[in-house]
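Be aware that the sequence shown starts at 2, since it is given in the working numbering, and climbs by one per residue.
Yeah, the Cβ is synthetic: ideal placement off N, Cα and C, and Gly gets one too.
Report on the structure given below.
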Amino acid sequence: MVRLKARRTALLLYSVLLVLPTVVLGGLHWHQLWLDHQAELAAVPESARDAARRLADGISEHVSLLLAGEDARPFQHYAEIVAPEAPLGDQLSLQRSPLPIDHPPRGLLGWFDYDQSDGYDARVRLFCARLGEDADGTPRYAARDELDGAAHEILEQTLEDGFLRRAARLGAVRTVRVPLVVAAVSRAQGADLDCLRRLSPGGEPVTVEVNYSQFHLQFHVDAGGVPRPVATRRVLMADLDPELVREVPCLEPLQHGFGLVQGVFLDARWLFQELPMWVSDRVLSGSERFLDEDAPPRHDERAEFRLAVPLVKALGFETRGDRDQDFGHVNIVIDKGEIVSRFEAQSWRFFGVAAMLALTLATGVVLLVRSVTQELEQAQQTENFVAAVTHELRTPLSTIRLHGEMLLEGWVADDEKRTEYYERIVRETSRLSTLVERVLSKSRLSAGTTTPEPADLSALVERLRPALEERGHGDLTFRLSAELPPVLLVAEGVAGILDNLIENARKYGEASPERPVEVETAERDGEVVLEVMDRGPGIPAQERERIFEAFYRVGNEATRTSTGTGLGLHLVELHAASMGGRASVHDRPGGGALFRVALRRA
Ligand code: ADP
């Protein structure tokens, strides 16, 4: 018993050891999945900021390249007519300005300049860039009136609040020596050429020093509400030697040098839309998307994360106010839906695997519990059997021995007593042989070596009747149908069935001539049956399945007080099965047990 209990504990321990680590490991894995997901979500704003930095850097790089090209452009090109920097001898030939009006760098709308020292009277020179062609092939230039208005606005602002002046002072200064004639042609358009030729009489040109500041970005929204990104620089030339001006009077416009503000109009559409779009295609990756300001807002917190990039601020434009600062927002959008759906997919996979594992574990544990329980039950039955057989053997053996020795030693003088003792010895011996016979039949029937043959059931029972009746005291009645079809049977099997069932009915069914055991053969629902009925306590419904198991005994008072091995009904079932039939037990109407063996027709 202790061993059985230990086995049960081992089974329990085994199940716990199997299930517990699975649950713990599964829980840890799920927790880790969840943490990773949270970390991924938490990293979204940082990667958006990173993407914004990359976008701003890319745009800034392009604008710097554009301005580097403009930085390299000499100030004198801001004119209709220019003089080449290295004229041959005193040859002074003029040519059109190489300012690339017809093939402007992408993103430029035009160039402008004015001499700031002329104050409000300053003349703004404007060179509008050609932006493309109309459908009919006529070239299309940037709107002159608009740019002119914007340039004048800049001029006025420059003078009013020093905005551009201050800005133009920023940046490194580069000093260049320029032939005076070149400066003169550029600044004093239409000057007297003969007069200017006097400037290089010996072939050695007179040069002047010109200081350039670097281009600097400014932004404002003009009076018409149009955004005007511009880049301006200052170009300064010092006063000329009065002596020289006297000699060459046509230099008079330059006698006090100049303080130019030169600038380029950047194309706002290019800068705030096309360029960011182009750059974003190259620097954004994966779930990062670019969204310009015009796109309709579709702001779903769960599905995406948006970061507005204020381009004016990010590119370092100088502005006049906060309103201008906040202009030119584009958005970086990070698609969180992908992260969320990846997590959802992972969760589904996880729970799928977990469910399968749980199912497998549960099935495994159930099967294990079942097989161990079965094994335990079998062990229990064998234990019961051994105890029962031992008991069954001991009682007759000790009776036989006791009576035998008493007879042998001449203790029994009385003849009648002696005969009774001999009878007892014979009875006990036959009990012993029944027991041995049953154990042997069980193993023989389990091996299944008998072959049933067609015969008449009622005739066979009739033949067995005298032997059966002999063992009782008129407590048997027979009702045998004479019109039964032949069935497959083994005579020895039917005898065994009747023996056991009648013995049980006598033992548990309190049979007497008043309440006899009834034996019946009949045809029921097309089946040929052999039935044994009594008026005893019957078999409780919950026991009916089990009483046919080997060594199983109902645990009630009647069983405990009667001798038995738990083999009788098992043998009945084995006999029935060996003939292709089956045994069952039923409630008998009016009380008692009804055992039925249905046999196969031949
Ligand atoms: P046993 O050797 O104990 O008689 P059986 O296999 O013949 O073993 O019977 C199994 C159990 O079924 C018995 O222990 C008894 O409790 C119950 N049983 C058998 N026949 C009857 C009956 N006619 N009436 C009531 N109980 C019975």
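Sequence-distant residues of its chain with Cβ nearer than 6 Å to residue 259 (five each side left out): Within the same chain, 116, 238 come within 6 Å of residue 259 by CB-CB distance, once the 5 residues on both sides are set aside.
Cross-strand partners of residue 129 (DSSP beta bridge): Paired residue(s): 111.
Heavy atom of ligand 3 within 7 Å of residue 503 beta-carbon: In the structure on display, ligand 3 does not appear, and the ligands it does have are ligand 1.
Contact under 8 Å by Cβ, residue 108 with residue 143: No, the Cβ-Cβ distance between residue 108 and residue 143 is not below 8 Å.
Residues that residue 73 bridges to, as DSSP identifies them: When DSSP reads this structure, residue 73 sits in no beta bridge, so it has no partner.
Residue from 527, 530, 379, 471 with nearest C-alpha to residue 552: For the options 527, 530, 379, 471, the alpha carbon positioned closest to that of residue 552 is the one of 379.
Sequence ranges, beta strand (DSSP E) only - wholly within the region 169-218, length at least 3: List check, beta strand (DSSP E) in window: 175-180, 208-213.
Residue 146, DSSP secondary structure in three states: Correct three-state label for residue 146: helix.
Within 8 Å, strictly: CB atoms of residue 362 and residue 23: The Cβ atoms of residue 362 and residue 23 sit closer than 8 Å to each other.
Cβ-heavy atom distance, residue 426 to ligand 1, below 7 Å: No - ligand 1 has no heavy atom lying nearer than 7 Å to the Cβ of residue 426.
Beta strand (DSSP E) runs contained entirely in the region 464-525, provided each spans 3 or more residues: 477-481, 488-490, 518-525, all fully within the region 464-525.
CB contact flag (residue 571, residue 549, <8 Å): Residue 571 places its beta carbon less than 8 Å from that of residue 549.
Proximity of residue 148 and residue 106 at Cβ, strictly below 8 Å: No.
Three CB pairs or more closer than 8 Å across the region 521-534 and the region 475-482: Yes, the region 521-534 is in contact with the region 475-482.
Per-residue DSSP class, three states only, for residue 602: DSSP places residue 602 in strand when its eight states are reduced to three.
Bridge-paired residues (DSSP) for residue 357: DSSP output for residue 357 lists no bridge partner at all.
For residue 557, the three-state DSSP class (helix, strand or coil): Reduced to three states, the DSSP call for residue 557 is coil.
Residue 326, enclosing alpha helix (DSSP H) - first and last residue: Run containing residue 326: 323-326, per the alpha helix (DSSP H) assignment.
CA nearest to the CA of residue 211, picked from 75, 280, 123: Per the Cα distances, 75.
Nearest-angstrom Cβ-Cβ length linking residue 316 and residue 331, presumed shorter than 8 Å: Wrong, their Cβ atoms sit about 11 Å apart, outside the cutoff.
N-terminal and C-terminal residue of the alpha helix (DSSP H) that residue 438 is part of: For residue 438, the enclosing alpha helix (DSSP H) begins and ends at 416-448.
Where residue 588 sits in the DSSP three-state scheme: The answer is strand: DSSP assigns residue 588 an E or B state.
DSSP beta-bridge partners of residue 233: Secondary-structure assignment with DSSP links residue 233 through a beta bridge to 217, 264.
Collapsed DSSP secondary structure at residue 566 in the structure displayed: Residue 566: coil per DSSP, three-state reduction.
Local Cβ density within 10 Å of residue 566, reported as buried at 16 or more and exposed below that: Buried, by the Cβ-count rule.
Residue 594 Cβ short of 7 Å to ligand 1 heavy atom set: Residue 594: yes, Cβ under 7 Å from ligand 1.
Check whether residue 535 and residue 593 have beta carbons under 8 Å apart: Between residue 535 and residue 593, the C-beta spacing is below 8 Å.
Length of the line joining the Cα atoms of residue 165 and residue 37: Note that residue 165 scores 48 on pLDDT, short of 50, meaning its location in the model is unreliable and no value can be drawn from it.
Integer-rounded CB distance, given that residue 291 should sit under 8 Å from residue 46: So it is not a contact: roughly 17 Å between Cβ atoms.
Short Cβ contact (8 Å threshold) for residue 348 with residue 449: Against a cut-off of 8 Å, the Cβ pair of residue 449 and residue 348 comes out as no contact.
Cα-Cα separation between residue 60 and residue 283, rounded to whole angstroms: Distance from the CA atom of residue 60 to the CA atom of residue 283, rounded to whole angstroms, is 11 Å.
Helix, strand or coil at residue 396 [DSSP, three-state]: Helix, per DSSP.
Residue 455 burial status per 10 Å Cβ neighbour count (16 or more: buried): By the Cβ-count criterion, residue 455 is exposed, with fewer than 16 other Cβ atoms from all chains shown falling within 10 Å of its own Cβ.
Reduced DSSP secondary structure (H/G/I, E/B, other) of residue 334: Three-state DSSP puts residue 334 in a strand.
Backbone secondary structure at residue 272 - three-state DSSP: If DSSP states are grouped into helix, strand and coil, residue 272 belongs with the helices.
Paired residues, beta bridge with residue 256 - DSSP: Under DSSP, residue 256 takes part in no beta bridge, so it has no partner.
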